[in-house]
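For reference, the structure discussed in these notes is given below.
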């Protein structure tokens, strides 16, 4: 197990829907040292099939034919997989499922939303330190990967420090801290003054998160806090080139580079549109904004940003190579390779070494009952989030919190969409609820073709450096 050096590192925070593969690859290109996946709930990925796509080398984890998680080998050494869990055993199973394609496992202990908290995940874990530490200890001892976690602050300083010390004692390699309390939102000022006391109380790297909107904020927060690493969420959501020491690129240039990356990675169209809408949420008067809200296809998105000719060229190239030209097509008779290598054996050995693995059926049943009982609460929360999202468009200073929670009795896909299933899902605290997008299609697709991996960077000049 190789420990990562977090000193003076800057990273992309876990953000639901926004933190999908195209955003992560661009963040790395623009200077991020580490990138986090969106939070993926443990039960949503356990048992997924691993498929390598022959046209661009991306790797898909599929559940019922839908992409739950997509990655590329070029990000592996800098990719942190964030899991949402309330159970030591299922957390470990999720970690082992993706272990061969990520560098670190992070446990989300800070999501403040009702849906996640009621299910015992996110910020609820901070109220149940025994469970929180049991999950971390199981991951540390049996995942075979470095383990970290991300928390929020308690208003009480001593309570915060006591929890931090218990968490550190589990053997994690780094601790990320968001600068707000559980009940606070982005409109509330963050508590940057609280970082230094945490840094001085532990011996592991601390990663400071919250209110880093421009590159200059990185040095300010590092100087004030003494934190080893700085994590950026909303600043990267608005313009992922925030990681550039030379300064951010013009938004339209970033948008076009993002669309090209979506093309090369065959990103789901509804996710592509959602991420673009977040880029423009503080500039809804832009002449691009209304056409974007009306776009229902990837071609319409390309037309909005004068890129249709690039899509035509890409489709011609795909056709010439014998690949589908549709962005979200799936080839029939594809071969699944998820556990057909040595990873399966290692996975079984690690799972066997966990004394309680899969034995606590009562605990799992209890969690499932808790998850089922949140369906009505989720419906109410959706109404609240929609109202808050509309408020965010008209008054950006009152943006809602950045961690929506979706589906109940639905499988959460990596892009934040859902399909009917018995799997539950939640989302990360560093992402705001989806703002209204009249033409945002709920239809899902997946691009999954298996064969030996090819290089995405070879087809992507922006990634070659």
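Residue numbers (UniProt numbering): 1 to 465. Quick reminder that beta carbons are idealized off the backbone N, C-alpha and C, glycines included.
- Residue pairing of residue 175 in beta bridges, as defined by DSSP: 149, 206.
- Restricting attention to 147, 85, 142, the CA atom closest to the CA of residue 118 is found in 85.
- Among the bridge pairs identified by DSSP, residue 49 is matched with 62.
- Only buried fits residue 94, as 16 or more other CB atoms lie within 10 angstroms of its CB.
- The residues 308, 311, in chain order, have a CB closer than 6 Å to that of residue 302 in the same chain once the five nearest residues on each side in sequence are set aside.
- The three-state reading of DSSP puts residue 87 in coil, since its state is none of H, G, I, E or B.
- Ranked by Cα distance from residue 4, the first of 39, 48, 147 is 147.
- Shortest Cα-Cα distance from residue 169 to any of 96, 90, 133 involves 133.
- Taking the CA atoms as reference points, residue 323 sits about 20 Å from residue 22.
- Here residue 108 is bridged, per DSSP, to 150.
- Contact between residue 107 and residue 139 holds: CB atoms are separated by about 7 Å, below the 8 Å threshold.
- Rounded to whole angstroms, residue 112 and residue 320 show a C-alpha spacing of 49 Å.
- The beta carbon of residue 199 sits closer than 7 Å to the beta carbons of 206, 225, 226, 227 from its chain, once the five residues preceding and following it are set aside; these are given in chain order.
- Annotation for residue 55: 323 place their beta carbon closer than 6 Å to its own, counting only its chain and skipping 5 residues before and after.
- The three-state reading of DSSP puts residue 37 in coil, since its state is none of H, G, I, E or B.
- Using a C-beta cut-off of 8 Å, the segment 209-219 makes contact with the segment 176-195, since at least three inter-stretch Cβ pairs fall below that distance.
- One Cα belongs to residue 237, the other to residue 305, and the distance between them is close to 19 Å.
- Note on residue 116: 16 or more other CB atoms within 10 angstroms of its CB, so buried under the neighbour-count rule.
- The way I'd put it, the segment 9-19 does touch the segment 33-40; three or more beta-carbon pairs between them come closer than 8 Å.
- Residue ranges of uninterrupted alpha helix (DSSP H) with 4 or more members, entirely inside the segment 234-272 and ordered along the chain, are 234-238, 251-265.
- Rounded to the nearest angstrom, the Cβ distance from residue 274 to residue 17 is 5 Å, consistent with a contact under 8 Å.
- The continuous beta strand (DSSP E) containing residue 230 extends over residues 229-232.
- Note: residue 82 is bridge-paired with 106 in the DSSP secondary-structure output.
- Straight through space, the alpha carbons of residue 172 and residue 288 are spaced by roughly 45 Å.
- Distances from the CA of residue 70 to each of 126, 264, 143, 253 were compared; the closest alpha carbon is that of 264.
- Around the beta carbon of residue 151, 16 or more other beta carbons sit within 10 angstroms, so the residue counts as buried.
- Per DSSP, the unbroken alpha helix (DSSP H) holding residue 137 starts and ends at 129-142.
- Between the C-alpha atoms of residue 61 and residue 100 there is a straight-line separation of about 12 Å.
- The beta carbons of residue 6 and residue 229 sit about 4 Å from each other, so the pair counts as a contact at 8 Å.
- Annotation: the continuous beta strand (DSSP E) that includes residue 10 extends over 9-12.
- For residue 244, the closest alpha carbon among the candidates 8, 25, 20, 32 is that of 32.
- Bounds of any alpha helix (DSSP H) do not take in residue 284, whose DSSP letter is neither H nor E.
- For residue 318, the uninterrupted alpha helix (DSSP H) segment begins and ends at 308-320.
- Counting of Cβ neighbours within 10 angstroms places residue 235 among the buried residues, the total reaching 16 or more.
- In the DSSP secondary-structure assignment, residue 6 is not bridged to any residue.
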